[in-house]
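Below you'll find the structure, written out as structure tokens, and then a few comments.
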Amino acid sequence: MRLQTINKLKQAGLKLFAKKGLAATNIKEIAREAQVSLGLIYHYYPSKEDLYLSLANEAMEKSQGVADQLNRLESSIRDKICLFIDAFLHGVQKEDGIYYFIIISQSFETGKRDEDQQLLEKKLQSIRNLAALVQQGQERGECAEGDPFQLASTFISATQGIASFKLMFGEQFTLPDKEILIRILLK
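For the sequence shown, position 68 matches number 68 in full-length UniProt numbering, and the numbering has no gaps at all.
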């Protein structure tokens, strides 16, 4: 029962934070969406900021998990990047998947300086990890020329924008062809 309640709270928070942002979401809305009492939320999360940080960290852990899987693969940089793009395009077509992408891309300030800074560092590290992959690809002649960090930042920005558009426009938005995303990083 406990895990079921936490899951309901997370799903409600994830949906509302992705659609409205941290500042515009209030704890009563989360309770209503999760169909639980306000007191029950406070039993598990002292504030909406704590729930948000939990979800944002979970989103970053999922993202890092994908990156770790790709790094363990014995394949070309091109294949790794193509697999990442495939996973992204598949993920933004699922309701909770797109919410996680949006949570990762949001600018936030919970008022918990240390936790905010740690989360920001995780986000920055994910760009550095992709930049390292791009640099390896450049050394092997697989990736586009240019500053690896700028290429990685541009790519991440594009994927986050695509996720935002998909959430905003729903079925009216057509995901871009995989080749368009590939051209940002690969030759």
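Built from N, CA and C at the ideal position, the CB exists for glycine as well.
Every value quoted in this text rests on a predicted model; they were computed, and no experiment measured them.
I need the straight-line Cα distance from residue i to residue j, nearest angstrom please.
i: I162; j: L89; result: 9 Å
i: I85; j: L185; result: 11 Å
i: R2; j: A59; result: 21 Å
i: Y45; j: L51; result: 6 Å
i: K178; j: E142; result: 17 Å
i: C82; j: S37; result: 44 Å
i: Q35; j: E29; result: 10 Å
i: A87; j: Q117; result: 28 Å
i: S63; j: I127; result: 11 Å
i: L73; j: A152; result: 20 Å
i: L119; j: Y99; result: 17 Å
i: L133; j: I77; result: 7 Å
i: S164; j: R140; result: 33 Å
i: A144; j: S75; result: 18 Å
i: L130; j: T174; result: 25 Å
Is it right to say residue i is buried, meaning 16 or more other beta carbons lie within 10 angstroms of its own, or is it exposed?
i: S107; result: exposed
i: K157; result: The sequence as given places Ser at residue 157; Lys does not occur at that position. Exposed, since its Cβ has fewer than 16 Cβ neighbours within 10 Å.
i: K166; result: buried
i: F101; result: buried
i: L124; result: exposed
i: F17; result: buried
i: Q150; result: exposed
Using 8 Å for Cβ pairs, my map puts residue i next to residue j. What's the rounded Cβ distance?
i: K112; j: L53; result: 7 Å
What are the partner residues of residue i, as DSSP defines its beta bridges?
i: L167; result: DSSP output for L167 lists no bridge partner at all.
i: L186; result: C143
*asked:* Does the segment 20-27 come into contact with the segment 63-76, if we say contact requires no fewer than three beta-carbon pairs (one atom in each stretch) closer than 8 Å?
replied: no
*Inter-stretch contact (C-beta, 8 Å, three-pair minimum) for the segment 35-43 and the segment 6-13*: yes
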